[in-house]
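Each residue of the sequence shown is one higher than the last, beginning at 0 in numbering that gives the first Met the number 0. Backbone N, C-alpha and C fix where the C-beta goes; we use that ideal spot for every residue, glycine too. See structure below.
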Amino acid sequence: MIKNSKIRALVVDSDLSTQKRIANLLNEIDNILLIKQSLNGENAIKFIVANTPDIIFIDTHLSDMSGFDVISSLPNSINPLLIFITDQERFALKAFEYSAFDYLLKPFKDDRFINSAKRAIDSLNQDKSIITSKKINQLFDLISNENFQSPVIEQKKLLFKYNGTILLLKACNINYILASGSYAEIHTSEKKYLLRESLNSLIKKLPDDTFYRIHRSTIINLDLIEEVSIANHGEIQVKMVNDESFRVSQSNRMNFFKQIGLKDYA
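Have a look at this one:
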C-alpha cells in the first residue's frame, strides 16, 4: 500500500525518443514521479536494486539484454509493478507470465498510456488488507527460523513467499514442481502456484526425504510416485498418482534409485 506520497517510476528503453515521450506523458499525471530513465538493462538493474521504484515502464528488447532478463535478475524481495512497452506483440503472453500489469504496443496512443499509468497508480494506492512487502519478508525470515515455534503453523508445512503473502503448504499436498523460466510452478491436487524463485533455491528448502529433483526442470514428491518404468533404451519414466509422467535425467538415475530404495537398479 502506498499512500500520501508520489508513485516513483523508472523508464527503461533503449530509444531516447520513446523515453522523452513517456517522460512528457508522466508529467501530465498527478501522483507519479519519474525518478530515472535508463537506456540499458545493466544500469537499470543496479538502479532498481538500490532505489526500488514502485513502477517500471520497460521495453522487452534493450541494447544489452531483454526486459525479461532485467526482471529475472532482481531479488525476490523487489516486486515493482511492471508495464511493458514494446513493438513486439509476440511477447505479450510471456510478459503476463512475469505478472505484468499491462502491455502496450508501440506506437501507442497518448490516451492509452495515460489510462494505463493511472490504473497502475490506483492499484498501488489501493487499500489492501495484506502485510507490506517489507513486513512479509521480515515475517517470512522469522517463521522460517529453525528455532521458531508456533501452535498455529504445523511442523510439516512449508513456507513460500507468494504474491505479497506467505503461502503455507503441507509437503504431502505438493505433487511436483516445474521450472518456468525464472519462476517455479508448484502443483498441488487443487491448484498451481507460480513463484518467483528458481528450482535451485527451492530444492534447498524442501525435505530431501520427500522431494527429489529428477531433472533440471522437475522436482517430484517421492511419496506420490505410483510407478517407475524403464524403457528398452534405458530411459526412466516416473508416473505420479495424478497420472502425470516425468522423465528422470540420465545424470540423476543412480541417485534416484538410491533415494527410492532400489539401489540395485542403479
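| Check | Outcome |
| --- | --- |
| Residues near G180 by beta carbon distance below 6 angstroms, same chain, minus five either side | none |
| Of the listed residues V240, A91, D222, nearest to Q258 (C-alpha basis) | D222 |
| Buried/exposed call for P52, threshold 16 Cβ in 10 Å | buried |
| Rounded straight-line distance, which links the Cα of D68 to that of V240 | 36 angstroms |
| Whole-angstrom distance between L15 and F95, CA atom to CA atom | 25 angstroms |
| 7 angstroms CB neighbourhood of T209 in its chain, flanking five on each side removed | A170, N220, L221, D222 |
| Proximity test, R111 beta-carbon vs the ligand ATP heavy atom, cut-off 8 angstroms | You won't find the ligand ATP in this model; it holds no ligand whatsoever. |
| Per DSSP, cross-strand counterpart(s) of N220 | F210 |
| Spatial neighbours of K45 in its chain, beta-carbon cut-off 8 angstroms, leaving aside the 5 residues before and after | none |
| Check whether I113 and T17 have beta carbons under 9 angstroms apart | no |
| Extent of the continuous alpha helix (DSSP H) to which F41 belongs | Residue 41 is actually Glu in this sequence, not Phe. First-last of the alpha helix (DSSP H) with E41: 40 to 50. |
| Collapsed DSSP secondary structure at L33 in the structure displayed | strand |
| Whole-number beta carbon distance between L205 and L271, since they are thought to touch under 8 angstroms | Residue numbering for the chain in the displayed model covers 0 to 265; residue 271 lies beyond these limits and cannot be assessed. |
| Inter-residue Cα distance where the pair is A43 and A8 | 12 angstroms |
| Terminal residues of the alpha helix (DSSP H) in which I259 lies | Segment: none, I259 is in no alpha helix (DSSP H) and carries neither H nor E. |
| Beta-carbon gap between F256 and Y175 smaller than 9 angstroms | no |
| Which residues DSSP lists as bridging M239, in chain order | I224 |
| Start-to-end residues for the alpha helix (DSSP H) that takes in R111 | 109 to 124 |
| Beta-carbon contacts of E88 that lie in its chain and below 7 angstroms, excluding the five residues immediately before and after | L104 |
| Close-in-space but distant-in-sequence residues of the same chain around I70 (CB under 6 angstroms, 5 per side omitted) | Y97 |
| A178 - partner residues in DSSP beta bridges | A183 |
| Y192 beta carbon less than 9 angstroms from that of I185 | yes |
| Helix, strand or coil at S128 [DSSP, three-state] | Any reading at S128 needs caution, since the residue's pLDDT is 36, under 50, leaving its predicted position unreliable; the model's value is listed next. Here S128 sits in coil by DSSP. |
| Q154 versus K160 - alpha carbon distance | Low local confidence applies: a pLDDT of 48 at Q154 is under 50, so the model's placement there is unreliable, with the coordinate-based value given in what follows. Distance between the alpha carbons of Q154 and K160: 17 angstroms. |
| Beta-carbon proximity list for I82, same chain, < 8 angstroms, skipping 5 on both sides | I54, I55, F56, I57, A99, F100, D101, Y102, L103, S115, A116, A119 |
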